[in-house]
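Protein chains in written order, with our numbering: chain P, 10 to 487; chain Z, 300 to 541; chain H, 748 to 965.
The beta carbon of each residue, even a glycine, is placed where N, CA and C say it ideally should be.
Below is one structure, written out as C-alpha cells; the observations come after it.
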Amino acid sequence: MQVQSMFFKRTASEKLNDALLQRNMANLKSKFVDGRARAITEIEDWEEIRTHAAALRDRTIANLDAYLVEFERNATRRGARVHWAQTAADACRIAVEIAQANGVRKVTKSKSMVSEEVNLNERLEEAGIQVVETDLGEYILQLAQEPPSHIVAPAIHKSKEQVADLFEAAHHKPRSTDIPALTQEAREALREHFLTADMGISGANFVIAETGTTLTVTNEGNADMVTTVPRIHCVITGIEKVIPTLEDFATLIRLLPRSAIGQGIANYLTLTTGVKGEGDLDGPEQTHVILVDAGRTRLVGSDMQAMLRCIRCGACMNHCPVYQNVGGHAYGWVYPGPMGSVLTPVYVGIENAGDLPNAATFCGECQVVCPVKIPLPDLMRKLREQQFETKQRPFGERLALNAWAFMARRPRLYAAFTRIASRIGAWMGGRDKLIHSLPGIDGWTKGRDMPAPAGKTFRELYRERRPSPQPSRKGEGA
Amino acid sequence: MKVGLFVTCLVDLVRPGIGFAALGLLEGAGCEVVVPEAQTCCGQPGYNSGAREVSQALARKVLAEFRDCDYVVAPSGSCSGQVKVHYVDDLFRDAPERAEFERLAARWYELSDFLVNVLKIESLPGRIEGEVTYHDSCAGLREIGIKAQPRELLKRAGARIHEMNECEKCCGFGGTFSVKLGDISTRMAANKCANIRATGVKTIAGGDLGCLLNIEGRLRREGDMETRVVHYAELISTDKHG
Amino acid sequence: MSARDNILGRIRKAQGRSGTEPTAAELAQVRADIARRAPGPIPAIGRASDLQRQFTHACDRVGTSHGEVASLEDVPAEARRYLDANALEPRLVGWHELAGLDWTSAGIALEDRPARGSDRASVTTCFCAIAETGTLLLLSSPATPKATALLPETHVCVASKSRLVPNMEAAFALLRAERGEPPRATWFVSGPSRTADIEQTLVIGAHGPYRVHVILVP
Chain P
10 MQVQSMFFKR TASEKLNDAL LQRNMANLKS KFVDGRARAI TEIEDWEEIR
60 THAAALRDRT IANLDAYLVE FERNATRRGA RVHWAQTAAD ACRIAVEIAQ
110 ANGVRKVTKS KSMVSEEVNL NERLEEAGIQ VVETDLGEYI LQLAQEPPSH
160 IVAPAIHKSK EQVADLFEAA HHKPRSTDIP ALTQEAREAL REHFLTADMG
210 ISGANFVIAE TGTTLTVTNE GNADMVTTVP RIHCVITGIE KVIPTLEDFA
260 TLIRLLPRSA IGQGIANYLT LTTGVKGEGD LDGPEQTHVI LVDAGRTRLV
310 GSDMQAMLRC IRCGACMNHC PVYQNVGGHA YGWVYPGPMG SVLTPVYVGI
360 ENAGDLPNAA TFCGECQVVC PVKIPLPDLM RKLREQQFET KQRPFGERLA
410 LNAWAFMARR PRLYAAFTRI ASRIGAWMGG RDKLIHSLPG IDGWTKGRDM
460 PAPAGKTFRE LYRERRPSPQ PSRKGEGA
Chain Z
300 MKVGLFVTCL VDLVRPGIGF AALGLLEGAG CEVVVPEAQT CCGQPGYNSG
350 AREVSQALAR KVLAEFRDCD YVVAPSGSCS GQVKVHYVDD LFRDAPERAE
400 FERLAARWYE LSDFLVNVLK IESLPGRIEG EVTYHDSCAG LREIGIKAQP
450 RELLKRAGAR IHEMNECEKC CGFGGTFSVK LGDISTRMAA NKCANIRATG
500 VKTIAGGDLG CLLNIEGRLR REGDMETRVV HYAELISTDK HG
Chain H
748 MSARDNILGR IRKAQGRSGT EPTAAELAQV RADIARRAPG PIPAIGRASD
798 LQRQFTHACD RVGTSHGEVA SLEDVPAEAR RYLDANALEP RLVGWHELAG
848 LDWTSAGIAL EDRPARGSDR ASVTTCFCAI AETGTLLLLS SPATPKATAL
898 LPETHVCVAS KSRLVPNMEA AFALLRAERG EPPRATWFVS GPSRTADIEQ
948 TLVIGAHGPY RVHVILVP
C-alpha cells in the first residue's frame with residue numbers, strides 16, 4: 010500500500026465531515042465494542058489469560074531466532090519450503106518466482122495484512138498473474154480499488170448501497186441492497202475462482218514452532234478454500250507470528266475472536282502442516298512459507314519490543330475514540346488506530362508518519378482492551394520522544410514547548426508570566442468570561458470557546474489571603 | 300499530619316477557586332496544609348510531548364518541594380497519575396532516585412481519594428440540590444482508579460448522580476492534542492456534550508480542569524450558557540474564590 | 748550472507764548475541780520449553796463437568812444444530828429426518844468409514860468419494876468434538892478429505908460422545924496421543940460459515956457450509 014500517512018491531519022479533518030463514513034463507523038460500537046464487552050464475561054479468568062498470553066509472547070520474542078529456526082525445521086521436515094524475506098521487495102520477488110516457476114495464472118487470496126504491506130497483489134499482477142481476493146471485505150475493496158480501513162473488517166467504511174453499486178458493475182446482475190443477497194452474489198462469483206486457482210496465498214494468524222504449522226482464523230471459509238483446493242499454497246507472514254506450541258494457540262484463540270469481534274470462537278481454525286500427505290485426495294502439492302522481516306527486526310531488543318506481541322485483533326482501534334471518529338484511511342497505511350500509530354512510523358519511517366503518534370489523547374482505552382497488554386500509549390509516547398529529540402515537530406510547537414519548559418523550572422519567572430497571562434486572559438474573556446478566538450491556539454478556538462482565566466492566579470490570591478510567609482526552603486523561589 | 304497541596308498549573312492559572320475549595324476541604328477536615336510557593340507544574344505537558352529531560356527536571360523539583368510533607372494532595376487525576384505512575388514506572392524507573400519517587404508516589408493522593416479513603420471524611424460543608432452528571436477523566440480513571448470516590452463525595456453532599464452514556468469515554472482534551480489535532484478534539488468534545496445533553500442534567504462535574512475547560516468550551520460554543528461545568532471540589536465545599 | 752542469515756543475525760545482535768544461527772544450547776532450551784507444553788489458564792466453560800450439556804449449549808450459540816441417536820446404526824434415519832426437515836434432497840457424499848451403514852433403508856443415496864463443487868450435502872465423522880466451544884475437529888487423511896466437509900452447503904457430522912473433550916488443550920493432547928503430530932489439515936469447525944463484512948450485518952453462509960448438523964452417537 011502506498012504511504013499516505015503524512016496527510017493524516019488533513020484527511021482526518023475531511024473524514025470528520027464525511028457523513029456516510031460517520032454513519033458507517035457507528036457499527037463499530039454496537040458490534041465490536043459492545044460485542045467484546047459481552048464476550049469477555051464468559052471468561053471469568055480473562056485478566057489471568059491476558060497476563061499469561063503477554064508473557065508467552067514476550068518469552069517467544071526473547072528467543073525469536075531459535076523459535077523461527079525450530080519452526081523452519083519442523084515445517085521443512087513435513088515438506089514445506091520456508092523462505093526468508095528481509096524487505097517488502099524480497100517477499101514479492103519470492104512469491105512471483107514461485108508462481109512463475111509453477112506456471113501459475115490465477116491466485117486466490119485470503120486476507121493478509123502483510124501482503125498489503127509489501128504490495129504483493131500489484132507485483133503479481135505486473136507479472137501477468139490474476140489475483141482474486143476472497144475475503145468478502147477484501148473482495149469489495151478489490152472492486153473499489155481501495156485499501157482496507159480496518160485490519161479485521163476491511164470494508165467497515167462502506168455502506169450496502171456502495172457495495173450494491175460495485176457488485177452491479179462487476180457481476181452484471183440486477184442491483185440489490187439486501188445484504189444476504191449481496192453475500193450470496195459474492196459467494197457465487199468467487200466459487201468458480203476458488204475451484205480454478207493454481208495457487209492460494211494466505212496469511213497466517215500464527216505459525217507454530219512445535220509442529221511447523223501455519224494457521225488462519227476465519228469465519229467465512231474462504232481461507233479453507235484457498236489453502237485446500239489449489240495445487241500450491243503460499244503463506245506470507247511476519248516473523249513475529251511464531252508461537253511455541255499448540256497449547257499456546259489454544260490460549261491465544263480464547264482472546265483473539267472475543268477481542269476482535271465479540272465472538273467466543275471463530276468458525277474455522279485452519280491449521281496446515283506440510284503438503285498433501287501420501288494418498289490424500291486433497292491438499293496442495295507444494296507449500297511455501299515466506300517469513301517477512303520488513304522492519305520487524307527494528308523492534309526486537311528495542312524499548313518498543315512489546316509491539317511485537319500484537320495478535321492483530323483490532324480491539325485497540327475499535328475502542329480508540331480517535332479511530333472511531335476518523336476511520337482507518339486517514340492513517341494512510343496498512344495499520345490504523347493505536348497499533349498503526351506505532352507500527353507505521355517504525356516500518357515506513359517516522360518522518361513519513363509524524364502525526365500518527367500524536368493522534369492520541371493517551372486515554373488508555375487501547376491498553377485496557379489489548380489482549381496481550383501492549384502498553385500502546387507508552388509506545389506512542391516513545392515515538393513522540395524520538396520526534397522531540399530529532400526536532401521533527403513544527404517550529405511553533407517546539408518554541409511553545411521550550412518556552413513553557415524554561416519557565417516551569419523558574420518559579421519567580423513563572424509566577425510573573427502567569428500573573429500577566431491570567432489578567433490578559435480575563436480581559437479577553439470580557440463579560441462572557443469566554444475567549445472566542447486566540448491566534449496560536451485556533452486548533453482549540455475554531456470549534457470551542459476557551460473559558461477565561463479568573464484574573465488572578467492561585468499563587469497571588471493565596472499570598473493575599475494567607476500573608477504570613479512560609480519558612481523559606483532551599484530550592485524554592487529561585 | 301502535614302499535607303502538601305499541589306495546586307496544578309491549570310488551576311493556578313485559570314481557576315484558582317478549585318485550589319481554595321481543596322484547601323478548605325482539607326483544613327476543614329483537620330489537616331495542616333502547606334502550599335509550597337515555588338510549585339509550578341508536574342511536567343505532564345512536556346512528558347506527553349516527548350520532552351523527557353525537562354519532565355525529569357520538573358519531577359525532581361516536585362520531589363524537593365514536597366519532601367517534608369506526610370501526604371501530597373492534588374485536585375487532578377492526570378497530575379496524580381503523572382506522579383504516581385509515570386515518575387516511577389518510566390521517568391525514574393532505572394534511576395538511583397527511584398526509591399524516593401516511590402515514596403513520593405505512596406504519599407501522593409488525588410483529592411477525592413484522599414478525602415474518602417484516607418481522611419474518611421464524614422461531613423462536607425457544601426450542599427448540592429438536584430442532579431449532577433459526572434465525567435470520568437481518563438488518567439484519573441485508568442491510571443489511578445478514580446471512579447467511585449468523587450461520586451461518593453457528591454452523594455454525601457446531597458446530589459443525585461445521573462450517569463451519562465459513555466461517562467468513561469475520552470472528552471478529547473488530551474493536553475496539547477486539543478490544539479494540535481483540534482478538529483478531532485472538537486468532535487470528541489461534541490460527542491461528550493451530546494451525551495451530557497441527553498441526560499437533561501444542568502450540572503456536570505469532573506476531577507480534571509483540562510477536561511472541564513474542554514467540555515465547557517464546547518458547550519458554550521454550541522450555545523449552551525446554562526449548564527454548569529465544575530470541579531467536584533467546588534460543589535462540595537463552600538469556599539468562594541473571588 | 749543470505750536473507751536468512753541477515754534476519755537471524757539482526758535478531759541476535761539486537762538481543763546482545765552474536766552470529767547468525769541459534770546455538771545448540773539455545774535450541775535445546777527452546778525445545779525443552781516446547782516439550783513442556785504448558786497450558787495456560789482454562790476458564791470454567793472449558794472445564795465443564797457435563798460435557799454433553801456444555802457441547803450442545805455451545806453448538807446452539809454457534810448455530811450448529813444437533814441430534815442424538817442410540818447407536819451408529821440409527822445415523823442414516825436421523826440424517827434423513829434432518830434433510831427432510833430442511834427440504835434437502837436425500838443425497839449425501841460421505842467419508843468412507845460411514846459408507847457401510849444402511850443408507851438405502853433410509854432412502855438416502857450415499858456416494859463414497861471426495862466432494863466436488865456440485866455436491867450439496869455431505870456426511871463425515873470427526874476426530875473429536877470440543878465441549879467448550881461447540882467445535883468439531885476434523886483431520887485430513889486419504890479416507891477423510893477435507894473438501895467433503897468444506898465444499899457442500901450442508902455438512903452432517905457424526906460425533907462420538909466417547910470422544911467429546913472439554914477444551915482445545917484436551918483435543919491437542921488426544922491428537923498427539925493417537926497421531927503423534929497434526930496431519931496436513933487440522934480443521935476446527937464451529938458452526939456454519941458466516942460473514943459480517945457488509946455493514947457488520949451478520950449473514951450465515953459465506954464460502955463454507957450454510958448448515959452444520961451434529962449427530963451424537965455413543
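Distances from the alpha-carbon of P/M122 to those of P/I433, P/A97, P/E134, P/G137 put P/A97 closest. Taking a 10 Å sphere around the C-beta of Z/M300, we find fewer than 16 other C-beta atoms and assign the residue as exposed. Taking CB atoms only, Z/P449 has no neighbour in chain P less than 8 Å away. In this structure, the straight-line span from the alpha carbon of Z/D393 to that of Z/A358 is close to 15 Å. For the stretch 270 to 297 of chain P, residues whose beta-carbon sits nearer than 8 Å to a beta-carbon of chain H comprise I270, G273, I274, A275, N276, Y277, L278, T279, L280, T281, T282, G283, V284, K285, G286, E287, G288, D289, L290, D291, G292. In terms of Cα proximity to P/T223, the closest of P/S446, P/A46, P/L77, P/Y423 is P/L77.
One thing to note: Z/V310 has its Cβ no nearer than 8 Å to the Cβ of Z/Y370.
Neighbours of H/A846 in chain P, taken as residues at a C-beta separation under 9 Å, are lacking, since the least C-beta distance is about 15 Å. H/T948 has a beta carbon lying within less than 8 Å of a beta carbon in chain P. Only residues of its own chain outside the window of five on either side were considered, and among them P861, A862 have a CB closer than 7 Å to the CB of H/A894, listed in chain order. A direct Cα-Cα distance of roughly 18 Å separates P/E147 from P/A275. For Z/N513, the closest Cβ of chain P is nearer than 8 Å. Chain-ordered, the chain P residues with CB closer than 7 Å to the CB of H/R759 read D74. Residue-level contact check: P/N33 touches chain H, since one or more beta carbons of chain H fall below 8 Å from its beta carbon. Between Z/A497 and Z/R517, the C-beta gap is not smaller than 8 Å, which leaves the two residues out of contact.
With distances taken between CA atoms, P/Y356 lies nearest to P/G247 out of P/A213, P/I270, P/G247.
Interface with chain H (8 Å Cβ-Cβ cutoff): P/V309 is included. Counting only Cβ-Cβ distances below 8 Å, H/P892 has contacts in chain P at D289, L290, D291, in chain order. Taking the Cα positions, H/A856 is about 12 Å away from H/L830.
In this structure the stretch 342 to 353 of chain Z lies against the stretch 367 to 386 of chain Z, because at least three pairs of beta carbons, one per stretch, are closer than 8 Å.
In the displayed model, P/C243 falls within a strand according to three-state DSSP. Between the alpha carbons of P/F397 and Z/G349 lies a gap of roughly 6 Å. Residue-level contact check: Z/M300 does not touch chain P, since none of the beta carbons of chain P fall below 8 Å from its beta carbon. From the beta-carbon of H/A785, the residues of chain P found nearer than 7 Å are E256. By the neighbour-count criterion, in which 16 or more other beta carbons inside 10 Å mark a residue as buried, P/I429 falls on the exposed side. In this structure, DSSP gives P/V123 a helical state, which the three-state scheme calls helix.
Residues of the stretch 91 to 103 of chain P with a C-beta less than 7 Å from any C-beta of chain H: W93, A94, Q95, D99, listed in chain order. With contacts defined as CB atoms closer than 8 Å, P/E194 and P/R184 fail to qualify as a contacting pair. Taken atom to atom, the span from the alpha-carbon of H/K760 to that of P/G304 is near 15 Å. The residue among P/G230, P/T220, P/V381, P/N214 with its C-alpha nearest the C-alpha of P/K250 is P/N214.
Sequence-distant Cβ neighbours of Z/R402 in its own chain, meaning closer than 8 Å and more than five residues away, do not exist here. Annotation: the stretch 347 to 383 of chain Z contains the following complete segments of the alpha helix (DSSP H) (minimum length 4 residues), in chain order: 351 to 364, 376 to 380. Straight-line measurement puts the Cα of P/A173 at about 39 Å from the Cα of P/K382.
In the structure shown, the three-state DSSP call for H/C875 is strand. Annotated as proximal: P/P330 and Z/C469, with beta-carbon spacing under 8 Å. At a C-beta separation below 8 Å, P/M122 has no neighbours in chain H, since its nearest C-beta there lies roughly 15 Å away.
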